[in-house]
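Q: The structure's right below; bear with me while I get my questions together.
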Amino acid sequence: MPAGTYEHLGAGGVVRLLERFRCAAGGSGWRYVSELSTPDGRDVGSVDLTLGVGGLQLRVSVRSGGWSVRGGVSGRELLWVRRPGDTNAAEAREEREQAQGFTGVSPAFLVATAALVPRTGEPLRVRLVELSDVLGARRLDQQWRLTGTDSHRADLGVVEVSAYERIDLETAERETVHIAGDVVLAAASIGLAELDSPPGRALHDLR
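What follows is the structure, given as structure tokens:
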């Protein structure tokens, strides 16, 4: 069961949030849970994500910025409910969008999208709903492509690292995301501060 800590980086590489996570194969696929805090230890949110076969985001629960979102993919639609963190269900707001999943908030969503990408190197165009720090939602289109896979020797043993090119199709901004198994090693504004156990291979079984 991989477990560790991600750093969410701001301007100049300053650490603005820490995300303590654990993930593993579960009854319906792969599950990731985490708690987010400021560097001084103040709780600011949490993420609970379950993927099914084919990388389908079955259940997603996110808490951040005084808001919460619960949702998942149903058929061709992404459904979710957004509500203030301290209110009742009567004030909840239901949303839907033709999209393949969520992104933003956590490196977990990078892993989830990578699970959709063909291993052949062919590009994949994917429509996602991005969640902001206060769980506001906006639709975006990206292109992902596996550009290479290499083996590296690390303290926890030999790991297979895959590099993905991610392009924002509206701005043409591109970046490279490095993922080992079900753990993000490096991405824009994300760093892996510590890893307590080797990355898992659960995502390979979902493809």
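Using this note's numbering, the letters of the sequence shown correspond one by one to residues 6 to 212. Positions of the beta carbon are idealized from the N, C-alpha and C atoms, including for glycine. Since we're looking at a predicted model, the values are computed, not measured.
May I have the straight-line CA-CA distance separating E165 from A120, to the nearest angstrom?
A: Using only the alpha carbons, I get a separation of about 15 Å.
Q: Can you give me the Cβ contacts of Y37 inside the same chain, cut-off strictly under 6 Å, excluding the 5 residues immediately before and after it?
A: Closer than 6 Å at Cβ, skipping near neighbours: C28, L54 and A113.
Q: With DSSP as the reference, label R19 as helix, strand or coil.
A: Correcting the residue identity first, residue 19 is Val in this sequence and not Arg. Reduced to three states, the DSSP call for V19 is coil.
Q: Pull up the DSSP beta-bridge partners for L200, would you.
A: G9
Q: Is the beta carbon of T152 closer than 8 Å to that of E170?
A: In this structure, E170 lies near T152, with their beta-carbon atoms less than 8 Å apart.
Q: Kindly indicate which residue of W85, Q105, F107 and P7 has the alpha-carbon position closest to the one of A97.
A: Among W85, Q105, F107 and P7, the Cα nearest to that of A97 is on W85.
Q: Cα-Cα, which of G205, P204, L200 and R206 is closest to G9?
A: L200
Q: Taking contact to mean at least 3 C-beta pairs separated by less than 8 Å, is the segment 100-110 in contact with the segment 50-65?
A: yes
Q: What are the boundary residues of the alpha helix (DSSP H) that includes V122?
A: Unbroken run through V122: none, as it is neither H nor E.
Q: D187 and P204 - do their beta-carbons sit closer together than 8 Å?
A: yes
Q: Run through the segment 54-116 for me and flag every whole beta strand (DSSP E) of 3 or more residues, listed as ranges in chain order.
A: Counting whole runs of 3 or more residues, the segment 54-116 contains the beta strand (DSSP E) stretches 62-69, 72-79, 82-89 and 98-102.
Q: Taking the beta strand (DSSP E) that V38 belongs to, which residues open and close that run?
A: G34 to S42
Q: Who does V188 pair with in a DSSP beta bridge?
A: Partner(s): A185.
Q: In whole angstroms, what separates the C-alpha of E175 from that of G126?
A: 22 Å
Q: Rounded to a whole number of angstroms, what is the C-alpha to C-alpha distance between G46 and L22?
A: Going by the C-alpha atoms only, they are around 9 Å apart.
Q: With which residues is L129 paired in a DSSP beta bridge?
A: W149
Q: To which residues of the same chain is T43 closer than 7 Å at the C-beta, ignoring the five residues directly before and after it?
A: L22 and V49
Q: Please report the straight-line C-alpha distance between A142 and G77, rounded to a whole angstrom.
A: Looking at the two C-alpha atoms, the distance is approximately 14 Å.
Q: Which of the three DSSP states, helix, strand or coil, is assigned to L140?
A: coil
Q: Given S156, which residues of its chain have a CB within under 6 Å of its CB, disregarding the five upstream and five downstream residues?
A: V163 and E165
Q: Write down the C-beta distance between I184 and Y11 rounded to the nearest angstrom, noting that I regard them as a contact closer than 8 Å.
A: With a Cβ gap of about 12 Å, I184 and Y11 do not count as contacting.
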